[in-house]
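Asker: Here it is: the structure, laid out below.
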Amino acid sequence: MSGFVSTLALRRPQRLLPVALSLIAFLDTFRPINTFATSYHMMAASSPAAPAAYSGNENIVVVGGGIMGACTLYYLTQKGLKPVLIERSEIAAAASGKAGGFLARSWHTGATAELYGLSFDMHAQLAKELGIESYRQIPTLQVQGGPRAGQKKSKVKPSWLNGRADSAFMDDDTAQVTPKEFTEKIVAAAVANGAQVVKGTVVGLAFGEGQDGTAPVASIRTVTGVQLEGQEEEPIPCSKVVVATGPWAPVAGEWFGIPVPMEGIYSTSIVLPNCEAASIQEPYALFCGEDENGCHIEVYPRPDGKIYMCGLGGSDYVGGSRLTPGGDCDRPEKILPKPHRVHAAMKSFSAMSPSMAHGKEPMAAACMRPCSQDGLPILGKIPTATNAYLATALNQWGILGAPAAGLCMAELVAEGKAKSANIDAFSPARFFTSRTRRGKKMKGIEVGEQW
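According to our numbering, the sequence shown is numbered sequentially starting from 3.
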């Protein structure tokens, strides 16, 4: 990867949907070798070269090609900007490509209720606008399995739930989307609007003149460029930068001299093929109680005939040096499923739905959900920079909340304030307790003696 940069050079099409679909088809073709490409024009350097000069009146860079970065990118283009997305692996390489995609409108309280309620409605609209085929409304059932199941008469029970399981209606104001399709298509839409994608690993930032990395932690600096591995001396210039790197955001915290107290929740999931009876004929999302196998499985039949399952138990909490370069969880490719949790989940599901589980070979995956210390998202301006922003830590509601969070971040970056929802409670500044040093400052930059 060192020194490799590929950019998407773009033409604005007359119709968005055909362009988006052609991009996805091309991404599918290139995925095995982890490159980005489009059906328009791809510029790929066979040897290290300076990054392309980016058009537009502002050079806004978004770091991270998951759903949070993708939505921010898209809504920046909706404001007439042409931002640059930098991703080291592939679009939706981590949790954004391996999550369940369950959406609920009214399950949220407190500070997140407004944001997630708005985002639920935005998913329905985006599905129409972008041609997202996996989006649909789906009712949700609560399921109790195990030895005691069968003692109650279930009020709502699909025919495929034909084992030891009691089920009851839970909510019908719920929906689903396949995260990988959503993330790829919203990036495609942003690309069609003039955004660019760069493949590379961000290793640091360039700051304004005289603001090197030795500046005091409490000083306020201005980011002038984003440094890629192998191209540190020729950073991609930027007027503003949004860091949306999921559980790896603490690495960026070191660049800005701020704490980002969060960790990755490392979990295994599985997908079962050939489950049309559940996914097409009688689709219900299931939330199951914890069982004797240490599972509390969540079952999401998808419109493509498959069933997705998470809640397999045995999740790890990953933080610190494990997430930093050289750590055992420093890249999406290192996050591998746990076979014993796959076995446990299949045992649990077979007891509840022998007809669906029989003869199926599960496809296993694993990812890390970004979770902050206080459980709230981290969305907002970084307190030690004049032009840098952090967008992460939506945890288990990342797929649900990303559209509204991305819209709010685009508003904050482009207009100075989030207008669509109140995100004040999610500011990164809540973790930053160091007192700003006193003394003369010129536009936030320390001048002369400080104390």
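Heads up, the beta-carbon is just placed ideally off N, CA and C, and yes, glycines get one too. It should be emphasised that the depicted structure is a prediction, and the values quoted were computed from it without experimental measurement.
So, at 6 Å on beta carbons, what are the nonlocal neighbours of proline 160 in its own chain, with the 5 sequence-adjacent residues on each side left out?
Answerer: Glu284, Tyr286
Asker: Could you give the distance in angstroms between the alpha-carbon of lysine 419 and the alpha-carbon of glycine 99?
Answerer: 30 Å
Asker: At a cut-off of 8 Å, would you count phenylalanine 104 as near the ligand FAD, judging by its Cβ distance to the nearest heavy atom?
Answerer: Looking for the ligand FAD in the displayed structure turns up nothing, as the structure carries no ligands at all.
Asker: Does the beta-carbon distance from glycine 102 to isoleucine 401 come in below 9 Å?
Answerer: yes
Asker: Count the other C-beta atoms from every protein chain shown that fall within 10 angstroms of the C-beta of alanine 170, then say buried if there are 16 or more, exposed otherwise.
Answerer: Counting of Cβ neighbours within 10 angstroms places alanine 170 among the exposed residues, the total staying below 16.
Asker: If contacts are defined as beta-carbon pairs under 8 Å, then valine 228 and asparagine 389 qualify, I think. What distance do you get, rounded to the angstrom?
Answerer: Contact flag wrong, Cβ pair sits at about 12 Å.
Asker: For the pair the region 404-415 and the region 355-367, tell me if three or more CB-CB distances fall below 8 Å.
Answerer: no
Asker: Only counting runs of 4 or more residues, tell me where the alpha helix (DSSP H) segments fall wholly within the region 199-278, in order along the chain.
Answerer: 251-258
Asker: With distances taken between CB atoms, is the gap from serine 317 to tyrosine 268 smaller than 9 Å?
Answerer: yes
Asker: Which term fits isoleucine 35, buried or exposed, when burial requires 16 or more other beta carbons within 10 angstroms of its beta carbon?
Answerer: With a pLDDT of 26 at isoleucine 35, under the threshold of 50, the predicted position of this residue should be treated as unreliable, though the coordinate-derived value follows. Exposed.
Asker: Can you name, in chain order, every residue of its own chain whose Cβ lies under 7 Å from the Cβ of tyrosine 319, other than the five neighbours on each side?
Answerer: Counting only Cβ-Cβ distances below 7 Å, and skipping sequence neighbours, we find Glu265, Ile267.
Asker: Note down, in chain order, each residue of its chain lying with its Cβ closer than 6 Å to the Cβ of glutamine 144, except the 5 sequence neighbours on either side.
Answerer: For glutamine 144, same chain residues with a beta-carbon under 6 Å away, outside a window of 5 residues either side, are Ala170, Met172, Phe289 in chain order.
Asker: Along the chain, where does the alpha helix (DSSP H) containing alanine 420 start, and where does it finish?
Answerer: Note, alanine 420: premise wrong, no alpha helix (DSSP H); not H, not E.
Asker: How many Å lie between glycine 296 and lysine 201 at the Cα?
Answerer: 40 Å
Asker: Given a threshold of 16 other Cβ atoms within 10 Å of its Cβ, counted over all protein chains shown, does histidine 2 qualify as buried or as exposed?
Answerer: A query on residue 2 cannot be resolved here, the shown segment of the chain reaching from 3 to 453 and no further.
Asker: Can you have a look at alanine 353 and say buried or exposed, based on whether 16 or more other CB atoms are within 10 angstroms of its CB?
Answerer: buried
Asker: Would you mind reading off the limits of the beta strand (DSSP E) that contains arginine 371?
Answerer: 365-374
Asker: Using CA coordinates, which residue listed in Ile309, Pro85, Trp109 is at the minimum distance from proline 275?
Answerer: Ile309
Asker: If you follow the beta strand (DSSP E) that proline 479 is in, where does it begin and where does it stop?
Answerer: This structure gives no information on residue 479, because the portion of the chain shown stretches from 3 to 453.
Asker: According to the neighbour-count rule (16 or more other Cβ atoms, all chains shown, within 10 Å of its Cβ), is threonine 176 buried or exposed?
Answerer: buried
Asker: Keeping to the same chain, check which residues put their C-beta closer than 8 Å to that of proline 341; ignore five residues upstream and five downstream.
Answerer: The answer, listed in chain order, is Ala366.
Asker: So which of Ser429, Val415, Lys421, Trp399 has the shortest CA-CA distance to phenylalanine 122?
Answerer: Among Ser429, Val415, Lys421, Trp399, the Cα nearest to that of phenylalanine 122 is on Trp399.
Asker: Given this structure, state the Cα-to-Cα distance separating threonine 114 from valine 204, to the nearest angstrom.
Answerer: 30 Å
Asker: Which residues in the same chain have their Cβ closer than 7 Å to the Cβ of tryptophan 257, if we skip the five residues on either side of it in sequence?
Answerer: Gly206, Leu207
Asker: Taking the continuous beta strand (DSSP E) assigned at glycine 66, which residues delimit it?
Answerer: Note, glycine 66: premise wrong, no beta strand (DSSP E); not H, not E.
Asker: For glutamate 278, I'd like the list of residues in its chain whose CB is within less than 7 Å of its CB, leaving aside the five on either flank, ordered along the chain.
Answerer: Gly307
Asker: In the DSSP output, what is lysine 362 paired with across the bridge?
Answerer: Looking at the DSSP assignment, lysine 362 forms no beta bridge with any residue, so it has no partner.
Asker: To the nearest angstrom, report how far apart glycine 315 and serine 422 are at their CA atoms.
Answerer: 36 Å
Asker: Apart from the five residues just before and just after valine 253, which ones in its own chain have a Cβ nearer than 8 Å to its Cβ?
Answerer: If we look at valine 253 and ignore the five residues flanking it on each side, its Cβ neighbours are Thr247, Leu325, Thr326, Pro327.
Asker: What residue range does the alpha helix (DSSP H) around leucine 132 cover?
Answerer: Counting along the chain, the alpha helix (DSSP H) containing leucine 132 begins and ends at 115-132.
Asker: Whose C-beta lies closer than 7 Å to the C-beta of lysine 81 among residues of the same chain, with five residues either side of it excluded?
Answerer: Ala412, Ala416
Asker: Are the Cβ atoms of isoleucine 69 and leucine 128 separated by less than 9 Å?
Answerer: no
Asker: Is cysteine 369 near alanine 106, with beta carbons less than 9 Å apart?
Answerer: no
Asker: Beta-carbon within less than 6 Å of proline 379's beta-carbon, same chain only, minus the 5 sequence neighbours each way: which residues are those?
Answerer: Ala395, Leu396, Phe428
Asker: Check each candidate in Leu83, Ser323, Thr386 and name the one with the smallest Cα separation from valine 193.
Answerer: From the listed residues Leu83, Ser323, Thr386, the smallest Cα separation to valine 193 is found for Leu83.
Asker: If you follow the beta strand (DSSP E) that alanine 194 is in, where does it begin and where does it stop?
Answerer: No beta strand (DSSP E) contains alanine 194, which is instead part of the alpha helix (DSSP H) from 181-194.
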